[in-house]
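Here the structure comes first, spelled out in structure tokens, and everything after it is commentary.
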Amino acid sequence: MSTPFKIRLLLFLLTLSFAATAITISLTFHKEEILERDARIIEKRLQQKENYVKSLLTDPQYFQSLKSLDRNGEAAIHNINKLCKEQSIFLYTYRNGRLEFWGETRIVPETDAGLKEGVSLTKWQNGWYEAIKRSDGAFSAVCYIPIKSSYPFQNQYGLVNKFSSRLISTSNLDIANLTDKQVYNIRNAEGKYLFSVKLKSAITTTFYSKLELWMWCMAVLFACIFMNYLCTWIVSKGHPKTAILILFAYFLTLRLVSLQFNWFSTYFDITIFDPRYFADNFFFPSIGDFLLNLIASTWFLSFVYTYRFQIKLSKWPLNTWVSAAIFLLMGIFISLVAVQVNDIFYGLITNSNINFDLSNILNLNWFSWLGVVLLCITVLNLYLIVEIVLVISRRLNLTNKQRVIIFLSGILLITIVRIGLRDFNFFYLLFFLIIFIRGWYMFKTTPSFNLGIFVFTVLIFAIISSLKLSVFQYQKERESRKIIAQKLESSDDPNTVLLFFNLEKEILKDDLIIDFFNQHSQDNGLLSNKLQRFYFDGYLSRYDFKTFEYDADGNSLNNGSTLLSHFKNLVFTGSIKVSEYFYRVNNTFGIQNYFALLPIQQGGRSLGTLVIELKSKAFDDPNSFPKVLIDGKIDDNDIMRNYSYAFYDDGKLVNQYGKYVYSLVNTDFPGKLKEFVFTDSNGYSHLLYQTSGRKLIVVSHANINWLMQIASVSFFFLVLLFFAGIIVSITWLWNHLRDFNFIRHTFTWKDLLSQTRILYKTRIQASMVMVVVATLLLVGVITYVSISIQYRDQQEEALLGSINKIVAGFEKQLFSNGELAINEQIFNAFADGNAVDLEYYDTEGRLLYTTQPKIYEYSLISPRMDALTYIHLAKFQQSEYVNYQHIGSMYYLAAYKPIRNKFNETVAYLGLPYYSNIDEYESRIGQFLNTIINVYALVFVAIGFFAVFMANQITYPLTLIEQSLNRTRIGRKNEPLTWHRNDEIGSLIQEYNNMIEALEESAQKLARSEREIAWKEMAKQVAHEIKNPLTPLKLGVQLLEKSYKENDPNFNKKFEKFSKSFIEQIESLSHIASEFSNFAKMPETSLEEVDLNAIIEKSLAVYQQVEHVNITLNAHKKQDLMVKGDKDQLLRCFNNLIKNGIEAIPEGREGSIRIDIVEDKNLAKIAIHDNGNGIPEGLRERIFTPNFTTKTSGTGLGLAFVKQAIENMQGSVHFKTEAGKGTTFFITLVLAS
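Mapping to numbering that gives the first Met the number 0: the sequence shown position 771 is 770, numbers consecutive.
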């Protein structure tokens, strides 16, 4: 059993083993196992935290230190950092049931009353916690361990209801109710019951599902490796096409089966296979399938690329027309592949919700980066296809000139067709430029790594990618703008309507509103403030808000002029009911207008009607409010923030939104009825949509400027260059690590360079680029970190500046006679006047007033000051303090400052939270990062080409010397080099010049010596050859003399016989003299156009009748194959070679002489093959040496003549031989064309 077979068998068995394991897991897996496994993890980790807390609280020294935390600021900060931040354990201390110290604001129990000693479970408004309490007299310390969050709503900004990540990372479990049956009881370290958990109805990720997925992945991987090895074995047997077809069929079948059954999204619920993010067609139902398709195609193309030189289109030479047709078909194939790739990525951009906006790299999510990786792999596939096609095309019977003509003709034809179809663009020209560069590099130069061409090719791919992305996004953006215009026409807001359903129920149950109607109060200021702060803030703050109060008889409670019947008439005249009590007014062009008729009742008795009217704010952006308050069910619709829009009625501006400043009177936007019209002005693209003869909607979007386009090119250039570097490195490692000797002996950088044979020029280029890149990266990282820190400092300084000004104004406006005159209405008015969010705390850190009450109403955090902030202000007596706080996982910056009275006493604290600072920070840093990438990429490209130029300049003298050495010939006049500078290169050139002088002198001496030796050897050989016929001549004369003297009666017959023999020997002597004369006086070669086929056919005619020898001619061109040569010398050359071939065939073997003629580029290649005994290995080096022969007779001048004659015709001759099988002589001649 051979080793390759063992490897294939092992791979097959591994495939079966992993597949069997996956099937076993699938069949034996039960959901109850997930419940028990995950629950045990929670229980174990919770008990670990519990034991840790108990070890702290039972430590007498530590527990004693807790008693002074409210007075010891340093110890308090240490505990906050150690417990709250590192361990996620919240520490609180109480004295006489009153809170003294709190370590976290997520929950802040004001008292420990009702909390038993030891361990207990606590349900807070925002989650579940395990409480551990220890008391000592009036003092008690309580640690809360968060178990599971339970917010009233969830969103992507930090509010997610799940178990603490410190307990478990999966989301398969939930807290069980009393009615749930399949549960697992969680117990504390003492074995006492805490709570129960249950499985969620939809299980997403489990240990067993991950294990099964990994088993299937390993099975498929080893199956692919098995098929790869099998196809490699088939190639080794001489069937590369069969191997390629088998591997293609395997991958195609594998993908079709997985696409048909949709395993990954159906059984494993993997995010990247979710069609919500991307779906195009059957072959690309998700971005995950897109990735798998690319992996399969890359594997297949890599296999074909590996064996590309073994792929033959035909066993027989192809004529020029067939070759041209195949070459054209290859070009069409590459074009179709490029078009298909274009369509696929167009679908990825337009049919997905993935963000590919490169103007802010920090906003790219992991889906965006996955899309970039897909692009890199696709570029690799295109390169492999181009490389494979070019290698195959080298076997075609076409000259480089013919290839260029066909290539340019195809491009011209495509251009004419595209112009005719009005679809001309430069993208395909850039792609064909890459093909042309690679083809020129392959057909015209010696294949070696060229850094300049490499970088330039990557740059072109980056330009294509950037421009295509811009075009695709441009088309997608225009379609999105059309949808936005249609939505704006409807004057409806689904998010607002969604909020109404819960809002109206809460308002009807509000005690303050019921009391207001019971008291028939005419001052609705308190009511309006209550409604606005608790119900119509957040997302609804984008509406102007009015209330109208009516008693049970429909009379206005505040003597307003608007009657209740007015709103009832709106209902009857066609207002659309959007919820139980809310309506949307029709025909409110440019304004969203809602109103609600809320019946206020108590105990079934009608108290009156509360009418709430909401109108979208005109000429104003929505108020800023914390994103953390947005319910995840609400579509935040960030896309609208990138647009500006306006409504015109009768040419007058009704409403507008966004950064673009529209004219009050429309003179710039001529629309068309019910048509979408695009126009550009002031750096913006405007969509005009005229809904009727008088009404016009304008949706505007900023155009992409050339700087942003360059930034996109720079981004793709760096990404593709990095990816190409990874591929080159992996390829190099794979090629060298397979060599055991390389692994065993290569330890130094010098050895690595010698193994890889990197040119000195390339080393210089790479070194220069690497030094510059390393410097740029170092400077870039330092700059980025420095700017980030500076910008954060600027944010903090700006926030502190704002809080100082606000506190100064606060103290000036709200202090009256040394006392602070403030209530919630005054506080909100002050905050609105300064257009900021504010928080007002008393000296104990309790929150009194806030502009964002819902944060505390929803119990997202407790109404207490941040623990670190309170310590710095109250304990360390700092005059101001700024730090980062968080709600859920949303972090924000907040500044605080004490408020002092005229006695310089702190009476309260004012907080200024900056909820949007992270978004602003990321936006600014993203723009800065884009600028760095933009500039550095341009510098990198410039440095790359500069490195190529400098390396060429530095290595030019070495190249000059190399060329001179290549031209150096012994026995010829070698020109010395000239170098005008007295440097290292000058010394090297001087040594070279000295060397060629010495070489010339030595060559002359050697030539004289060799001539002498050669003539001596030749004289010996000629003397030997002359002696051969002279001996029988002498013997014959002696025999004739004897017969004559003896009067031999047969003398006449003998004389006649010996006469013929004498003539033959004399002719032999004449032949030897002629051969010697011909070689010694080699006639000058007269180059002219010679029909090669005619010469060979004339030579064949001489030997065609030789018995037992079959001579065949395989000519690619049957006639008119004109070469540069000497007609007579060519005929003698072929006569000699054919004659030698015939003589080399042993007796008893049917002889075969085959002559093949192939036209390759500007050369004619002739192969003369015989099936003789071949040339013995010891004699091969001397086969072209004059006077050397392998036969028992002959001068040994025939092959020497052939070599000299062919080389005089600017051709070449060499041979290949195999003992016992025959010899093939290869002759190359220059075509006359």
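Here a beta-carbon is modelled for each residue, glycine too, at the ideal position from N, C-alpha and C.
Keep in mind it's a predicted model, so treat the numbers as computed, not measured.
Candidates Gly1221, Thr1222 and Ala1231, of which the one nearest glycine 1210 by Cα | On the sequence shown, position 1211 is the one that residue 1210 refers to. Residue Ala1231 is the option with its Cα nearest to glycine 1210.
Quick one: using the 10 Å Cβ neighbour count with 16 as the cut-off for buried, is serine 1058 buried or exposed?
-> Taking the first residue of the sequence shown as 1, we reach residue 1058 at position 1059. Flag for serine 1058 reads exposed.
Under the three-state reduction of DSSP, which class applies to histidine 1168: helix, strand or coil?
-> As a working mapping, residue 1168 is identified with position 1169 in the sequence shown. Reduced to three states, the DSSP call for histidine 1168 is strand.
Endpoints, the alpha helix (DSSP H) within which arginine 417 is located = On the sequence shown, residue 417 is found 418 positions in, with the first residue counted as 1. Where arginine 417 is concerned, the enclosing alpha helix (DSSP H) stretches over 399-419.
Excluding five sequence neighbours on each side, which residues of the same chain lie with their C-beta closer than 6 Å to the C-beta of glycine 844?
-> Mapped onto the sequence shown, residue 844 falls at position 845. So the list reads Arg863, Met864 and Tyr869, once near-sequence residues are dropped.
Serine 351 by DSSP, collapsed to three states: which one?
-> In the sequence shown, residue 351 corresponds to position 352, counting from 1. Strand at serine 351.
Terminal residues of the alpha helix (DSSP H) in which asparagine 1134 lies = One-based indexing of the sequence shown puts residue 1134 at position 1135. Its alpha helix (DSSP H) spans residues 1126-1143.
Which full runs of the beta strand (DSSP E) of 3+ residues lie inside the segment 541-588, going along the chain?
-> 542-550 and 581-583
6 Å CB neighbourhood of alanine 242 in its chain, flanking five on each side removed = Residue mapping note: residue 242 aligns to position 243 of the sequence shown, counting from 1. Counting only Cβ-Cβ distances below 6 Å, and skipping sequence neighbours, we find Cys230, Ile233 and Val234.
Residues of its chain near phenylalanine 516, where Cβ-Cβ distance is below 6 Å and the 5 sequence neighbours each way are ignored = One-based indexing of the sequence shown puts residue 516 at position 517. Taken in chain order, the residues that qualify are Ile599, Leu606 and Gly607.
Residues near leucine 1029 by beta carbon distance below 7 Å, same chain, minus five either side = To locate residue 1029, count along the sequence shown from 1; it is residue 1030. Excluding sequence neighbours, leucine 1029 sits near nothing in its chain.
Let me know if threonine 849 comes out buried or exposed under the rule of 16 or more other beta-carbons within 10 Å of its beta-carbon.
-> Translated into the one-based positions of the sequence shown, residue 849 becomes position 850. It is buried - the Cβ of threonine 849 has at least 16 other Cβ atoms within 10 Å.
Could you please give the first and the last residue of the uninterrupted alpha helix (DSSP H) stretch that includes leucine 68?
-> As a working mapping, residue 68 is identified with position 69 in the sequence shown. No alpha helix (DSSP H) contains leucine 68, which DSSP labels as neither H nor E.
Would you report the Cα separation of threonine 14 and histidine 29, rounded to the nearest angstrom?
-> What you label residue 14 is simply residue 15 of the sequence shown in a count that begins at 1. What you label residue 29 is simply residue 30 of the sequence shown in a count that begins at 1. Taking the straight line joining both Cα atoms gives about 25 Å.
Straight-line Cα distance separating asparagine 171 from isoleucine 185 = Sequence index remark: in the sequence shown, residue 185 carries index 186 (1-based). Sequence index remark: in the sequence shown, residue 171 carries index 172 (1-based). Between isoleucine 185 and asparagine 171, the C-alpha separation is close to 15 Å.
Candidates Asn350, Pro284, Thr1223 and Ser469: which alpha carbon is nearest isoleucine 703's?
-> Here the question's residue 703 lines up with position 704 in the sequence shown. Taking only the C-alpha atoms, the option nearest isoleucine 703 is Ser469.
Since asparagine 1279 and arginine 1153 are thought to touch, with beta carbons under 8 Å apart, how far apart are those beta carbons, to the nearest angstrom?
-> With the chain covering 0 to 1232 only, the question about residue 1279 has no answer from this structure.
How big is the Cα-Cα spacing for isoleucine 482 and tryptophan 731?
-> Mapped onto the sequence shown, residue 482 falls at position 483. Mapped onto the sequence shown, residue 731 falls at position 732. Straight-line Cα distance between these residues: approximately 51 Å.
What is the rounded straight-line gap between the Cα of isoleucine 387 and the Cα of valine 627?
-> By 1-based counting over the sequence shown, the position of residue 387 is 388. By 1-based counting over the sequence shown, the position of residue 627 is 628. So the two alpha carbons sit approximately 54 Å from each other.
Where does glycine 808 land, buried or exposed, given buried means 16+ other C-beta within 10 angstroms?
-> Looking up residue 808 in the sequence shown gives position 809. Glycine 808 should be labelled exposed.
Kindly indicate the opening and closing residues of the alpha helix (DSSP H) around arginine 7.
-> Counted from its first residue, the sequence shown places residue 7 at position 8. Run containing arginine 7: 2-27, per the alpha helix (DSSP H) assignment.
Beta-carbon gap between arginine 417 and phenylalanine 426 smaller than 8 Å = Stepping through the sequence shown from its first residue, residue 417 is reached at position 418. Stepping through the sequence shown from its first residue, residue 426 is reached at position 427. Result no, Cβ atoms of arginine 417 and phenylalanine 426 do not sit closer than 8 Å.
Take phenylalanine 1225 and list the residues in its own chain whose beta-carbon comes closer than 6 Å to its own, dropping the five residues that flank it on each side.
-> Here residue 1225 is taken as the residue at index 1226 of the sequence shown, counted from 1. The answer, listed in chain order, is Ala1166 and His1213.
Can you grab the Cα-Cα spacing for the pair isoleucine 146 / aspartate 58, in whole Å?
-> By one-based count along the sequence shown, residue 146 stands at place 147. By one-based count along the sequence shown, residue 58 stands at place 59. Taking the straight line joining both Cα atoms gives about 25 Å.
Buried/exposed call for threonine 2, threshold 16 Cβ in 10 Å | Position 3 of the sequence shown, counted from the first residue, corresponds to residue 2. The residue in question, threonine 2, is exposed, as its Cβ has fewer than 16 Cβ neighbours within 10 Å.
So, are the CB atoms of asparagine 1170 and lysine 1220 less than 8 Å apart?
-> The count along the sequence shown starts at 1 and reaches residue 1170 at position 1171. The count along the sequence shown starts at 1 and reaches residue 1220 at position 1221. Taking 8 Å as the Cβ cut-off, asparagine 1170 and lysine 1220 qualify as a contacting pair.
Between the segment 818-828 and the segment 118-127, are three or more C-beta pairs nearer than 8 Å?
-> no
Exposed or buried, what is tryptophan 705 when buried is set at 16 or more other beta-carbons lying within 10 Å of its beta-carbon?
-> On the sequence shown, residue 705 is found 706 positions in, with the first residue counted as 1. That one is exposed.
In or out: serine 139 buried (at least 16 other Cβ within 10 Å) or exposed?
-> As a first step, residue 139 is located in the sequence shown; it is residue number 140 there, counting from the start. Its Cβ being crowded by 16 or more others within 10 Å, serine 139 is buried.
Is the segment 14-23 touching the segment 213-225 in the sense that three or more CB pairs, one from each, lie closer than 8 Å?
-> yes
Cα separation between lysine 1052 and isoleucine 1094?
-> Position 1053 of the sequence shown holds residue 1052. Position 1095 of the sequence shown holds residue 1094. Each residue's Cα considered, the two are about 45 Å apart.
Beta bridge counterpart(s) of aspartate 679 as assigned by DSSP | Here residue 679 corresponds to residue number 680 of the sequence shown, with the count starting at 1. Its beta-bridge partners are Ser684.
Buried or exposed: where does isoleucine 742 fall if 16 or more other Cβ atoms within 10 Å of its Cβ makes it buried?
-> One-based indexing of the sequence shown puts residue 742 at position 743. At isoleucine 742, the pLDDT of 49 sits below 50, so the modelled position is not reliable; the number obtained from the coordinates is stated separately. Under this definition isoleucine 742 is an exposed residue.
In the DSSP assignment, find the unbroken beta strand (DSSP E) run with serine 313 in it and report its ends.
-> Position 314 of the sequence shown, counted from the start, is the residue given in the question as residue 313. From DSSP, serine 313 is part of no beta strand (DSSP E); its letter is neither H nor E.
By Cβ distance below 7 Å, which residues in the same chain neighbour tyrosine 249 in space, the five residues on each side in sequence not counted?
-> For the purposes of this step, residue 249 is taken as residue 250 along the sequence shown, with counting starting at 1. Excluding sequence neighbours, tyrosine 249 sits near Met226.
Quick one, which of Gln655, Thr398 and Ser301 has its alpha-carbon nearest asparagine 318's?
-> As a first step, residue 318 is located in the sequence shown; it is residue number 319 there, counting from the start. Nearest C-alpha to asparagine 318: Thr398.
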